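A quick write-up on the structure given underneath.
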Amino acid sequence: MESKDSKLAQVTATIAQLGSMDVSDPSSQVDIIRQCQLVINSLKDPRVQALETLSSVVTLPCLASLSNLGIFKKLSDEPVTAAQLAEQCGVDRWLVVRLMRVATAWDLVTEIGLETYTATEVSNVFASPPGAAGLRVNQMIHKLLDSLPAYLKETEYRNPGNTPKGLFQYAYQTELGSFAYLGQDPEYAKQFNTFMTIQRTQGQEQWTEKFDLASRVFDGVTIDQNVPLLVDVAGGVGKDLSLVKKSLPPSSTASGQLVLEDQGHVIDRVPTELQDSDFKYVKHDFFTPQPVKGARVYMLKHILHNWSNSKALQILRHTRDAMTPGYSKIWILDGIVPDTGADKTVAALDIGMMGIHGALERNEEQWDALLAEAGLKFTGLCVLEDDGFGIIEAVVEV
Ligand SMILES: C[S@@+](CC[C@H](N)C(=O)[O-])C[C@H]1O[C@@H](n2cnc3c(N)ncnc32)[C@H](O)[C@@H]1O
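Start counting the sequence shown at 1; every next residue gets the next number (full-length UniProt numbering).
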């Protein structure tokens, strides 16, 4: 453990170093945030930091209540008071004050004066449908993770994975998998799908713009026009496939070249505004043989982190069996956990996957091993976002 003096010397050095960093350079921003966080934590009394960590438990329920009251949507650059919000919502002013205190303490809402607030960019996220849906979905996860200590104790601290009775089954007292169980609740399914679009808010740079998608599809091969170009396996309602289409020359995405696969109830509910007459829609269970053979690319985005290794292997093997060696490739778009220094979001996502699906977020070594077991050869990866989201490419091992 460091002495107080050496801690202070380190803080002084970090602050001096921060002064020379370019805040406008996106590639330095993650490092700047991390260094600032270290400075803040070093200056805090450890008991205060411990208490703050414990206090974070109230954040989600308070934000969910504010969202249920529609308060995030009522905030703007125009100041609004607790009394005005209370009147508009038909609730006690003190309730608004107390809930808003949590939001302002976390810098999610700006408190510009006594009981007077303006919006922030973060409160605007919570005001949006994906942000509001995120609060509902995370309430379910929160409830589930409450049972984690008891579950781990009862299962003698085995790393949850390939067992039929995971935390979800333990907490909900069900034999069903989480997808099947939650799929019975159409309202939850709707909220979940809305939450999943949070990274694709208009105006943000999309993942497809962060690498040369077309060259990865076309370079080094003669395209076989007789088979589909790209299959989005479990592609949801097709938002990613639309992004892929925009990144490819129109001549290559004509009728049937892009295939959207998912469970029947998802394909049946593709909203009209997302339907594309060029897409081929296929109802497919990825634990059964892949029906589209020999495509150039099979894309699996945010799929495998939902499944334990044994289930992920089934999905990958069915995909490999459909691939043409020397021609087809697989793109796994998922988290790639850094070996050291994983941030709070990545760490939380991994535990969320453990809780909901008995699954995990994987690092490069784990991806490599999983692919090798499925008879696929890892050919490279590229991290696209600060949270570790990236693309892993593989081909059939010959
Ligand atoms: C986390 S979502 C990812 C959706 C999409 N790829 C994306 O990135 O937004 C997981 C998807 O897997 C689908 N799914 C779950 N079980 C499936 C199964 N047995 N067969 C096919 N799709 C399945 C769900 O319907 C859902 O669309």
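Glycine is no exception: its CB is placed at the ideal position from the N, C-alpha and C atoms. What you are looking at is a predicted structure, and each value in this text was computed from that prediction instead of being measured.
Query, Result
"Going by DSSP in three states, TYR157 sits in which element: helix, strand or coil?", "coil"
"Kindly list the residues whose CB is nearer than 8 Å to the CB of PRO338, restricted to its own chain and excluding five residues on each side of it in sequence; keep chain order.", "VAL346, ASN363 and GLY388"
"Using three-state DSSP, classify ASN226 as helix, strand or coil.", "coil"
"Return helix, strand or coil for GLU87, following the three-state DSSP convention.", "helix"
"Going by DSSP, which residues form a beta bridge with GLU111?", "TYR117"
"Suppose you measure from the CA of residue 482 to the CA of ASP45; what does that come to, to the nearest Å?", "Nothing about residue 482 can be read from this structure; the chain reaches only from 1 to 398."
"Using CA coordinates, which residue listed in LEU38, LEU144, ILE141 and GLU393 is at the minimum distance from PHE211?", "GLU393"
"Using 8 Å as the threshold, is the C-beta distance between LEU304 and ILE332 below it?", "yes"
"When you compare only the Cα positions, how much space is there between LEU38 and ALA103?", "23 Å"
"How long is the line joining the alpha carbons of LYS311 and GLN35, rounded to whole angstroms?", "39 Å"
"Does the beta-carbon distance from VAL217 to ARG296 come in below 8 Å?", "yes"
"Could you tell me whether any Cβ in chain C is nearer than 8 Å to the Cβ of GLN84?", "Annotation note: the requested chain C is absent from the structure, which comprises a single protein chain."
"Quick one: is the Cβ of GLY358 within less than 7 Å of any heavy atom of ligand 1?", "no"
"Are the beta-carbon atoms belonging to ASP228 and VAL125 less than 8 Å from one another?", "The sequence given here places Pro at residue 228; Asp does not occur at that position. Not closer than 8 Å, so no."
"Could you check which residue in GLY134, GLU385 and ALA372 has the C-alpha nearest to that of VAL398?", "ALA372"
"From ILE330 to ASP31, what does the alpha carbon distance come to, in whole angstroms?", "32 Å"
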